[in-house]
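Structure first, then comments.
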Amino acid sequence: MLGDNIISVENLNIWFQMRQGFFKDIVSKEWRYAKAVDGISFDIKKREIFCLVGESGCGKTTTGKGILRLVEPTSGSVMFADDPKDPIISQLLKTQAKVTLPDGRPGINVRKLDHNHMKLARQKMQMIFQDPYESLNPKMTIFDIVAEPLIVNRLVESEQEKEQKIITALNNAGLRPAESFMWRFPHQVSGGQRQRIGIAGTLVLNPSFLVADEPISMLDVSIRGDIMNLMLDLRENKGLTYLFITHDLSVAYVFSDRIGVMYLGRIVEKGPTERIVKNPQHPYTQALITVVPKPDPTAKEEKIILKGERPDPTNIPKGCRFHPRCPYVMDICRVEDPSEIEIEKDHFASCHLLTKKK
Ligand code: SF4
0 MLGDNIISVE
10 NLNIWFQMRQ
20 GFFKDIVSKE
30 WRYAKAVDGI
40 SFDIKKREIF
50 CLVGESGCGK
60 TTTGKGILRL
70 VEPTSGSVMF
80 ADDPKDPIIS
90 QLLKTQAKVT
100 LPDGRPGINV
110 RKLDHNHMKL
120 ARQKMQMIFQ
130 DPYESLNPKM
140 TIFDIVAEPL
150 IVNRLVESEQ
160 EKEQKIITAL
170 NNAGLRPAES
180 FMWRFPHQVS
190 GGQRQRIGIA
200 GTLVLNPSFL
210 VADEPISMLD
220 VSIRGDIMNL
230 MLDLRENKGL
240 TYLFITHDLS
250 VAYVFSDRIG
260 VMYLGRIVEK
270 GPTERIVKNP
280 QHPYTQALIT
290 VVPKPDPTAK
300 EEKIILKGER
310 PDPTNIPKGC
320 RFHPRCPYVM
330 DICRVEDPSE
340 IEIEKDHFAS
350 CHLLTKKK
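Position 173 of the sequence shown, counted from 1, bears residue number 172 in numbering that gives the first Met the number 0, the numbering being contiguous throughout.
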């Protein structure tokens with residue numbers, strides 16, 4: 000059962016200042032920005048899998064990092080609300096970052112946490128990285144890799160306690176029996192097992208919210224399902240909530256409860272997975288859906304092939320940012336940014352065509 004919101008992102012902006020050259024930087028009165036994330040809002044419910052989908056470079060990973068403040072947002076808010084009886088949450092609720100959410104529950108304004116409390120919050124909000132080959136130190140044993148977060152956060156008082164926590168985390172990540180894995184090095188296990196080590200390294204801190212950044216895209220197709228099943232088991236047994244980031248709409252379809260489709264720093268359509276896939280409203284979502292491989296190769300469906308390259312985030316087109324590639328572009332699209340419209344319950348999209356339909 001999905002619960003109340005655990006994460007609420009409101010009008011989040013993450014802009015990077017661009018260098019224009021030494022002389023121009025001195026004389027220029029106006030800075031250029033790469034608007035990696037440009038005013039996005041969404042909520043994630045407890046035990047929910049919310050998927051951000053879009054082409055590479057659309058701002059999905061930056062959004063995930065912004066929520067955990069691994070990159071610092073430019074503006075907007077990120078609220079985190081978890082069980083107030085949890086010892087870490089109760090400590091965070093004693094800081095100046097405490098807020099009362101619109102539904103009356105106590106929450107934490109993540110952007111107001113100081114450095115030490117943000118470190119504490121990251122025990123509850125963790126990230127699983129895309130590349131299990133690069134995210135693990137090849138010179139460390141699996142035991143030392145999983146022990147590192149415990150040591151950095153000073154969470155163990157004895158070697159015995161440390162070993163017990165590592166064994167539990169490895170077992171929970173499906174590396175069983177843990178004792179046969181923990182003294183090996185990353186190169187001595189398979190790609191899928193390396194991703195499980197990454198997951199064990201997050202589980203050892205007992206998180207409640209995970210940002211999973213393309214966690215299966217580097218894996219063989221045969222083991223992708225195993226990792227997805229592991230993540231579903233962890234949701235079931237540990238009550239985890241996920242922000243799942245992927246460029247692959249077919250993965251989002253089988254795995255997520257809700258989807259946010261991102262294009263050039265914005266969410267252009269969001270809603271329950273089934274409704275987005277069966278009744279896509281934004282031309283970009285429709286294009287993504289037509290190129291997903293179908294189980295029946297004889298099924299006839301016209302593919303929408305987008306023309307042109309994805310525009311530069313330092314030079315976002317005026318009006319609807321999708322207009323240079325949109326097959327249905329109208330005059331208004333070149334001048335006016337479409338606002339978000341609720342098409343059906345919990346299903347939103349931003350497109351002028353929807354205003355015309357109303
Ligand atoms: Fe296409 Fe216009 Fe809709 Fe943008 S607003 S997606 S350009 S029809």
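For each residue, glycine too, the CB sits at the ideal point set by N, CA and C.
Quick caveat: nothing in here was measured; it's all calculated off a predicted structure.
Residue i, buried or exposed, once every other Cβ within 10 Å from all chains shown has been counted against 16
i: residue 212; result: buried
i: residue 55; result: exposed
i: residue 187; result: exposed
i: residue 83; result: exposed
i: residue 17; result: exposed
i: residue 280; result: buried
i: residue 304; result: exposed
i: residue 95; result: exposed
i: residue 129; result: buried
i: residue 86; result: exposed
i: residue 207; result: buried
i: residue 288; result: buried
i: residue 360; result: Summary: the structure shown does not reach residue 360, with the chain confined to residues 0 through 357, and so no result is reported for it.
i: residue 344; result: exposed
i: residue 250; result: buried
i: residue 123; result: buried
i: residue 311; result: exposed
i: residue 6; result: buried
i: residue 150; result: exposed
Close-in-space but distant-in-sequence residues of the same chain around residue i (CB under 7 Å, 5 per side omitted)
i: residue 59; result: 51, 53, 244, 261
i: residue 201; result: 125, 127, 209
i: residue 366; result: Since the first residue of the chain shown is 0 and the last is 357, residue 366 is not available in this structure.
i: residue 142; result: 165, 181, 182
i: residue 328; result: 322
i: residue 65; result: 11, 13, 36, 72
i: residue 307; result: 323, 324
i: residue 148; result: 200, 203, 204
i: residue 336; result: 318, 319
i: residue 342; result: 280, 348, 353
i: residue 302; result: 289, 290
Residues near residue i in its chain [Cβ-Cβ closer than 6 Å; skip 5 each side]
i: residue 14; result: 32, 34, 73
i: residue 259; result: 41, 51, 266, 269
i: residue 222; result: 191
i: residue 195; result: 172, 173, 174
i: residue 30; result: 16
i: residue 276; result: 252
i: residue 284; result: 260, 268
i: residue 229; result: 173
Spatially closest choice to residue i from the options, by CA coordinates
i: residue 146; options: 203, 291, 267, 121; result: 203
i: residue 110; options: 102, 121, 103; result: 121
i: residue 77; options: 331, 68, 94, 162; result: 68
i: residue 216; options: 132, 169, 289, 205; result: 132
i: residue 272; options: 16, 193, 234, 347; result: 347
i: residue 3; options: 61, 102, 88; result: 102
i: residue 8; options: 253, 123, 310, 36; result: 36
i: residue 57; options: 290, 168, 334, 309; result: 309
i: residue 134; options: 150, 214, 39, 167; result: 214
i: residue 338; options: 231, 330, 318, 344; result: 318
i: residue 163; options: 313, 178, 249; result: 178
i: residue 232; options: 198, 247, 246; result: 198
i: residue 227; options: 253, 284, 247, 238; result: 253
i: residue 97; options: 351, 316, 90, 107; result: 107
i: residue 333; options: 350, 224, 90, 341; result: 350
i: residue 62; options: 81, 263, 249, 100; result: 263
i: residue 352; options: 302, 282, 220, 286; result: 282
i: residue 168; options: 311, 335, 237, 341; result: 237
i: residue 44; options: 29, 70, 79; result: 79
i: residue 218; options: 189, 229, 230, 246; result: 189
i: residue 247; options: 286, 274, 278; result: 286
i: residue 313; options: 5, 19, 6; result: 19
i: residue 193; options: 144, 257, 315; result: 144
Close Cβ partners of residue i (< 8 Å) along its chain, the five nearest in sequence each way excluded
i: residue 234; result: 46, 48, 240, 241
i: residue 358; result: This structure does not reach residue 358, given that the chain is present from 0 up to 357, and the question cannot be answered.
i: residue 90; result: 116, 119
i: residue 225; result: 173, 191
i: residue 331; result: 318, 351
Pocket of the ligand SF4 (residues with CB nearer than 5 Å to any heavy atom), chain order: 282, 319, 321, 322, 325, 327, 328, 332, 337, 350, 351, 352
contact_flag[the segment 154 to 165, the segment 100 to 119] where n(CB pairs < 8 Å) is 3 or more: no
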